[in-house]
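Chemist:
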Amino acid sequence: MTGFDVVFINGTVGAGKSTLAEAIGELEVRAGQPHAVLDLDHVRRCWPSPADDPFNHALELRNLRDLAANYRQAGARHLIVAGVIEERPAVARYQEALGSTAILLVRLVVEPAIARGRLQRRHADDEPGLRWHLDRTTELAGIIDAAGLDDLVLDSSHEPPAVLAEKVRTAACW
Numbered sequence: 000m001t002g003f004d005v006v007f008i009n010g011t012v013g014a015g016k017s018t019l020a021e022a023i024g025e026l027e028v029r030a031g032q033p034h035a036v037l038d039l040d041h042v043r044r045c046w047p048s049p050a051d052d053p054f055n056h057a058l059e060l061r062n063l064r065d066l067a068a069n070y071r072q073a074g075a076r077h078l079i080v081a082g083v084i085e086e087r088p089a090v091a092r093y094q095e096a097l098g099s100t101a102i103l104l105v106r107l108v109v110e111p112a113i114a115r116g117r118l119q120r121r122h123a124d125d126e127p128g129l130r131w132h133l134d135r136t137t138e139l140a141g142i143i144d145a146a147g148l149d150d151l152v153l154d155s156s157h158e159p160p161a162v163l164a165e166k167v168r169t170a171a172c173w
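Residue numbers for the sequence shown follow numbering that gives the first Met the number 0, beginning at 0 and rising by one.
#1: Closer than 6 Å by C-beta to ALA22: which residues in its own chain qualify, once you throw out the five before and the five after it? Chain order, please.
#2: Just to confirm my understanding: we take LYS156, look at its own chain, exclude 5 residues before and 5 after, and list those with CB closer than 7 Å. What are they?
#3: Spell out the partners DSSP gives ASN9 in its beta bridges.
#4: Can you tell me where the alpha helix (DSSP H) with HIS132 in it begins and where it stops?
#5: Could you compute how far the alpha carbon of GLU27 sits from the alpha carbon of GLY98?
#6: Taking just the CA atoms, how far does ALA75 sit from ALA35?
#7: When burial is assigned at 16 or more other CB atoms within 10 Å of the CB, is ASN9 buried or exposed?
#8: Within 10 Å of its beta-carbon, does ARG43 have 16 or more other beta-carbons around it, so buried, or fewer, so exposed?
#9: Checking contacts by CB at 7 Å: is THR137 closer than that to chain C?
#10: Jot down the residue ranges of each uninterrupted alpha helix (DSSP H) in the segment 8-56, minimum 4 residues, whole runs only, in chain order.
#11: According to DSSP, LEU151 sits in a beta bridge with which residue or residues?
#12: With a cut-off of 8 Å on the beta carbons, I'd call VAL5 and LEU78 a contact; round off their distance for me.
#13: When the distance is taken between beta carbons, is THR169 closer than 7 Å to GLY13?
#14: Going by alpha carbons, who is nearest to TYR93 out of ALA67, GLY24, GLY116?
#15: Just to confirm my understanding: we take GLN119, look at its own chain, exclude 5 residues before and 5 after, and list those with CB closer than 7 Å. What are they?
#16: Do you know offhand how far LEU39's Cα is from VAL80's?
#17: Between which two residues does the alpha helix (DSSP H) harbouring GLU95 extend?
Shown next, in the form of structure tokens:
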């Protein structure tokens, strides 16, 4: 399949989505390919969240629509997105917000012990945050697995991000 203009890296917390997105962006720079990297954790970051939207998905989609349009107007041909999609109907919402013709959905998986170590380092000074993220890792992995949205599944447990990034670019025909 060809013609992907968006790579969406999906996965649980601690899987390495942001790291992989940055690695793909670095390869895009080396290839001279106009692109943008979007980390949805930052796109939706606002406190407090509405009671009916605890993860700020509505805000995320509104912001993403504007960001994607601005990046495309600035010349970005490829968008690399790190985030979470939990259900099939959300794919169409992201495709519309990104102005995408075709999204490659990459699921990043990770061994639980590796994710736990990453999260312990990330939340070394935040015990409540660490507990929440450790609980969410298992829950979210099950939700994403059950959704079955993946075009490509990669394990970030032991392979360097640059190797995984090459695999993604190959799958996207970039």
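We put the CB at the ideal spot given by N, CA and C, even for glycine.
Note that the coordinates shown come from a computational prediction; the quantities given were computed from them, not determined experimentally.
Modeler: Inspection of the coordinates gives the following:
#1: Same-chain partners within the cutoff: PRO160, ALA161, ALA164.
#2: The identity of residue 156 in the sequence shown is Ser, whereas the question assumes Lys. Here the set comprises VAL109, GLU110, ILE113.
#3: Its beta-bridge partners are GLY82, ARG106.
#4: For HIS132, the enclosing alpha helix (DSSP H) begins and ends at 126-146.
#5: Cα-Cα distance, rounded: 20 Å.
#6: When rounded, the distance between both Cα atoms is 6 Å.
#7: The residue in question, ASN9, is buried, as its Cβ has 16 or more Cβ neighbours within 10 Å.
#8: Answer is buried; the Cβ neighbour count reaches 16.
#9: This model lacks chain C altogether, as it is built from one protein chain only.
#10: Counting whole runs of 4 or more residues, the segment 8-56 contains the alpha helix (DSSP H) stretches 16-29, 39-42.
#11: DSSP lists VAL105 as partners of LEU151.
#12: Their Cβ separation, rounded to whole angstroms, is 5 Å, which keeps VAL5 and LEU78 in contact under 8 Å.
#13: No, they are not a contact pair.
#14: The candidate whose alpha carbon is nearest that of TYR93 is ALA67.
#15: The answer, listed in chain order, is LEU129.
#16: Rounded to whole angstroms, LEU39 to VAL80 spans 7 Å at the Cα level.
#17: For GLU95, the uninterrupted alpha helix (DSSP H) run begins and ends at 87-97, by DSSP.
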